[in-house]
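Please read the structure below before turning to the comments.
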Amino acid sequence: MDETRNLPLVQDIILDMTESQLPVVYANQYDDSGRTVNCHMQDEGEDFDCSGYTIELWIKKSNDYALSDTIVGENAIGSVSGNIVSFPIKENMTYSHGRQECRLVFLSSDGKTSSCNFYIRVNKSNVDNEDVMDSNEYKTFHDEYLELKGLIENLRGEVYTNSSTTPTGQKDGEYWTRLL
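For the sequence shown, numbering that gives the first Met the number 0 gives the first residue as 0, with consecutive numbering after it.
As structure tokens, then:
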């Protein structure tokens, strides 16, 4: 598949609870373009009503990281309408190129579980994967950066307000204030 291929914003697949063939959803690496997947659920070729189920999406990415999201239920990212389960392709699903193994898990109120599999084929980006941090590392780095930036801003305010010497009237011995 051509890596620069324009992919549709909405991709429809048919998932049959009893079928062993795995449908494919396509995405581009680092994609955050608002793409949506509509899974038309069936059981032995008949529409499967997904109403009343808690639905989770489990993904094992090609870099051996795993993630899960709730499609329907608490903290949901998607929606259900009859036999159609819809969810967005989020950026953290596409950090690694290659085949991402996916499973939709249906949990009923009486404790019964059903599932069906598909996969997301993520086309490789022109940027090497090693040059981009995975979502957890990036989030940690970004959070620490914001915390450090806030501490520096607070420290600047304390030095200026607690010092009897204004920054413009500093003497040579007060070099530490000028650094801030």
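The beta-carbon is built from N, C-alpha and C at its ideal position, and this holds for glycine as well.
{"Asked": "Asn9 classed as buried or exposed, judged by whether at least 16 other C-beta atoms fall within 10 angstroms", "Found": "Here the sequence assigns Val to residue 9, which means Asn is not the residue at that position. Burial call: exposed."}
{"Asked": "Of the residues Glu43, Cys49, Glu90, the one placed nearest Ile119, counting alpha carbons only", "Found": "Glu90"}
{"Asked": "Contact the region 80 to 100 vs the region 59 to 66: 3+ CB pairs below 8 Å", "Found": "yes"}
{"Asked": "Bridge partner(s) assigned by DSSP for Gly97", "Found": "Val121"}
{"Asked": "Distance, Asn27 Cα to Gly51 Cα", "Found": "33 Å"}
{"Asked": "Segment contact, 8 Å Cβ cut-off, at least three pairs: the region 38 to 46 with the region 10 to 17", "Found": "yes"}
{"Asked": "DSSP beta-bridge partners of Asp46", "Found": "Gln41"}
{"Asked": "Candidates Leu21, Leu154, Val71: closest to Ser192 by CA position", "Found": "Since the displayed the chain opens at 0 and closes at 179, residue 192 lies outside it and no answer follows."}
{"Asked": "Identity of the residue in Pro22, Tyr25, Asp42 nearest Asn82 by Cα", "Found": "Asp42"}
{"Asked": "For Asn74, the three-state DSSP class (helix, strand or coil)", "Found": "coil"}
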